[in-house]
Amino acid sequence: MLKALIFDVDGTLADTESAHLAAFNHAFAELGFDWHWDTALYTRLLAVSGGKERIKAHWQSQATDIKDIGVGGLEDTIAQLHDIKTAAYEQAVKDGAVQMRPGVLDLLCSAGAQGLQLAIATTTSPVNIAALLRKALGADWKAHFSVVEDASTAPRKKPDPMVYTQTLSRLGLQARHCLAFEDSENGLRAAMGAGLATVVTPNDFTAAHDFTGALRTLPHLQGVGVAQLREWHQSAFMDKA
Ligand code: XBP
Ligand code: MG
C-alpha cells in the first residue's frame with residue numbers, strides 16, 4: 028500500500044538549475060575568479076551533486092592554481108563562494124526566477140488531501156528549499172511535509188542513498204510503501220539504492236542521463252494523480268511478488 032511520496036527538489040519540484048548556474052557565475056565574478064560556467068559545462072558539472080563539491084571538482088580540473096592556495100584556503104574560499112552563490116540564488120527565487128514544474132503543486136495538494144505523507148530528500152541547501160517552497164506554498168510550507176532531509180542533514184550526496192535512507196527512517200516507513208520522484212541519474216541511483224520505486228521527470232540538464240530502473244520516466248507530472256501513482260506502485264510490487 029502506498030503511504031508516502033518523497034520528492035527531490037532541484038529539477039524535480041522546479042526547474043532550478045538555470046538559476047543555480049547564474050548564481051554560481053555571480054559568485055565567481057564577485058570574488059574575482061575568471062570562471063564562467065556555460066550551460067554545456069554546467070550540464071557536465073551536474074554529475075557532481077552538491078554546490079560546494081561541484082566548485083571543488085571544477086577547481087581541481089583547472090589544476091593550475093589550486094596548489095597556490097593550500098587546502099585550508101581552498102575549503103574556506105569554496106565556502107565563501109558558495110555562501111555568495113546561495114544568497115544570489117535565494118534572491119533570484121524571491122524575485123520569481125523559478126517556477127514549479129507542471130503538475131507538481133496539484134500532486135502535492137491532492138496527495139496530502141488523500142492522506143499520503145509527503146517528504147523531501149534533496150542535495151541542496153536548506154536556504155534554497157525554504158526560498159522555493161515559501162514562494163510556492165506560502166510561509167507555512169513545512170506543514171505540508173512530514174520529513175525534510177537536505178545537504179545539512181545528509182552530508183553524503185547523491186548517488187549515495189543516505190538522504191533517502193534517512194528520510195525513510197524518519198518517516199518510519201519501508202521503501203515498498205513509498206514512491207520517490209527524481210530528475211537525474213544521481214538522484215535515481217540514490218533512491219533505488221534505498222530500495223525506492225522511482226518516477227523520473229527529466230529536464231534539459233538531465234535529458235541524456237541513464238534512467239534504467241525507473242518505475243516510469245515522464246516529461247512532467249501534469250495530469251499524474253494519486254490514483255495513477257497507486258496503480259503504478261501496485262504494479263511495481265505485484266511484478267516482484
Ligand atoms: C541538486 C544539486 C544541488 C544544486 C545546487 O540537488 O545537486 O547541488 O544543484 O544547490 P537535488 P547547492 O538533490 O535537489 O536535485 O548549491 O545548495 O548544492
Ligand atoms: Mg534533482
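Numbering (my numbering), first residue to last: 28 to 268.
Virtual Cβ for every residue (Gly too), placed ideally from N, Cα, C.
- The region 179–263 contains, as complete alpha helix (DSSP H) runs of 4+ residues, the segments 189–198, 212–220 (chain order).
- Going by C-alpha positions, threonine 70 is about 18 Å away from phenylalanine 55.
- In terms of side-chain proximity, the C-beta atom of aspartate 42 is found no nearer than 6 Å to any non-hydrogen atom of the ligand MG.
- In this structure glutamate 176 is not in contact with isoleucine 156, their Cβ atoms being roughly 10 Å apart against a cut-off of 8 Å.
- Note that the C-beta distance between threonine 192 and alanine 207 is not below 7 Å.
- Valine 190 places its beta carbon 7 Å or farther from that of glutamate 209.
- Our two residues, alanine 158 and threonine 113, have alpha carbons roughly 10 Å apart in a direct line.
- Fewer than three beta-carbon pairs drawn from the region 64–80 and the region 135–149 are found closer than 8 Å, and the two stretches are therefore not classed as touching.
- As DSSP reads the structure, glutamine 144 sits in a beta bridge with Ala31.
- DSSP, reduced to helix, strand and coil, places valine 174 within a strand of the structure shown.
- Between isoleucine 33 and threonine 194, the C-beta spacing is below 7 Å.
- Counting only runs of 4+ residues, the alpha helix (DSSP H) found wholly inside the region 34–89 occupies 44–57, 66–72, 78–89, in chain order.
- Taking the C-beta atoms as reference points, leucine 29 is found no nearer than 7 Å to histidine 236.
- The secondary-structure analysis by DSSP pairs methionine 127 across a beta bridge with Ala41.
- Approximately 18 Å separates the beta-carbon atoms of serine 173 and leucine 132; this is outside 8 Å, ruling out the contact.
- Residue state for alanine 166 is assigned as coil, using DSSP reduced to three classes.
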